[in-house]
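Everything below concerns the one structure shown next.
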Amino acid sequence: MTGPAVEVLRAGALTTVQDLGRAGWAHLGVPRSGALDPAALRLANRLVGNPESAAGLEITLTGCDLRFPRAATVAVTGTATAVRVGRRFGDVGRPLSVPAGAVLRIDPPRDGLRNWLAVGGGIAVEPVLGSRATDTLSGLGPPPLRDGDLLPLGAPTGPPAPVDTTVVAPTPTELRLTLRLGPRDDWFTPAALDRLLGTTYAVSPVSNRVGARLTGAVLPRAVAGELPSEGIVLGAVQVPADGQPLIFLADHPTTGGYPVVGVVDDVTPLAQARPGTTVTFHGPQR
């Protein structure tokens, strides 16, 4: 490795390299992947003067510690957390200067699950199929960070953004998601659809970047047979054999054999949904 490289002192539970994903490869069985909250990564990149498509880090639940070999500008977005350079505190949503040799510490979030980190110049790992994103399902892209890893940095391309104030929205404990029924809603009884749109679910602890598993009312099937594998899209709500819905997220498979009862319009709120977060579904506004 030549050039500057960030040293990972503490990787945390799951820290991955993410950009805006590798679109256009689903016909080869490759999902898009990318940041679970693309807007948060775009903002972090704008704050440090990067193109919005530059690769950064997605940091899950436990924070991380990084040492910088050269002076750099960084920005952290996402949920509220403590950000420190040595003993100096910074703000989520504002550019922060890191002197050469300093350690950047990102604490576990106060609520929610994830933060996104951009560094001036971007994380310059080798792209795979046009993207530097870590896909936790297929294994494409760099592996999740481990203590002691070295991450190459690109050359800064622009000045940091002039930001005087920042507002971090609180993470909701209840999510109301817009659901469009189909293509396999006819595989479920009318009572199942009433339950899906009329009861409350909770995010399961076994959720991950592949999908948000929900617990709540079981959805009985009207059709007992099995489907051949069909295409799966971001936000698809699949119902496995246990009758509990599963909402597919960024690292979802491109095909699946369980019926998809509907598709969620926007899965971004699930990026911060801790286990136990309440989820309700409603139909699109007419």
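Residue numbers (numbering that gives the first Met the number 0): 0 to 285.
We put the CB at the ideal spot given by N, CA and C, even for glycine.
Nearest-angstrom Cα separation, counted from residue j out to residue i
i      : j      : result
LEU195 : VAL236 : 11 Å
ALA123 : VAL73  : 15 Å
ARG31  : ASN207 : 16 Å
ASP90  : VAL7   : 21 Å
LEU65  : ARG87  : 15 Å
ALA240 : GLY234 : 19 Å
VAL217 : ASP36  : 29 Å
ALA99  : VAL266 : 38 Å
ILE246 : THR253 : 13 Å
ALA70  : ALA101 : 8 Å
ALA223 : GLU229 : 17 Å
GLY138 : ALA34  : 15 Å
GLY282 : LEU180 : 8 Å
VAL263 : PRO227 : 22 Å
PRO151 : HIS251 : 28 Å
ARG45  : VAL5   : 20 Å
GLY85  : ALA12  : 22 Å
Which listed residue (the options) has its alpha carbon closest to that of residue i
i      : options                           : result
VAL118 : LEU112, GLY85, PRO108 and THR156  : THR156
GLU225 : GLY255, PHE247 and PRO268         : GLY255
VAL162 : PRO283, ILE246, ALA43 and ALA10   : ALA43
LEU60  : ARG41, ALA101 and THR14           : THR14
ARG220 : GLY197, VAL209, GLY230 and PRO244 : PRO244
ILE105 : VAL209, ALA70, GLU57 and GLY140   : GLU57
THR80  : VAL166, GLY282, VAL209 and GLU229 : VAL166
THR135 : VAL29, GLY242, VAL5 and ASP264    : VAL29
PRO108 : VAL222, ALA168 and GLY242         : ALA168
TRP186 : THR172, LEU103, GLY242 and LEU152 : GLY242
Sequence-distant residues of the same chain with beta carbon closer than 6 Å to residue i, five excluded per side
i      : result
PRO68  : PRO3
ALA39  : THR76, GLY77 and TRP115
THR170 : THR78, ASP110, GLY111 and GLN271
ALA54  : VAL16, ASP18, GLY121, ILE122 and ARG131
ALA273 : Note on identity: in this sequence residue 273 is Arg, with Ala being the wrong assignment. Contacts found: LEU112.
PRO159 : VAL47, GLY48, THR72 and PRO94
beta-carbon residue i near the ligand ADP non-hydrogen atom, thresh 6 Å
i      : result
PRO219 : As far as ligands go, the structure on display features none, and thus does not contain the ligand ADP.
Rounded Cβ spacing between residue i and residue j (contact assumed at less than 8 Å)
i      : j      : result
GLY261 : LEU178 : 4 Å
PRO189 : VAL259 : 18 Å between Cβ atoms; not a contact.
VAL278 : LEU192 : Going by Cβ atoms, the distance from VAL278 to LEU192 rounds to 16 Å, so no, they are not a contact pair.
PRO268 : LEU174 : 5 Å
THR133 : PRO141 : 6 Å
VAL238 : TYR257 : 6 Å
LEU248 : VAL209 : 6 Å
Sequence-distant residues of its chain with Cβ nearer than 8 Å to residue i (five each side left out)
i      : result
ALA10  : CYS63, PRO143, LEU144, ARG145, ASP146 and ASP148
ARG41  : LEU19 and GLU51
VAL82  : VAL75, PHE88, GLY89, ASP90, VAL91, LEU95, LEU103, ARG104, ILE105 and ASP106
GLY153 : ALA53, GLY120, GLY121, ILE122 and ALA123
Nonlocal neighbours in the same chain, by C-beta distance under 7 Å from residue i, ignoring five residues either side
i      : result
ASP184 : LEU192, VAL260 and GLY261
PHE280 : LEU176, LEU178, LEU195 and LEU196
THR172 : THR276 and THR277
Discussion item. Quick check: the stretch 213 to 224 against the stretch 188 to 203, are at least 3 beta-carbon pairs closer than 8 Å?
Written reply: yes
Worksheet item: Touch check for the stretch 20 to 27 and the stretch 93 to 111: three-plus C-beta pairs under 8 Å?
Response: no
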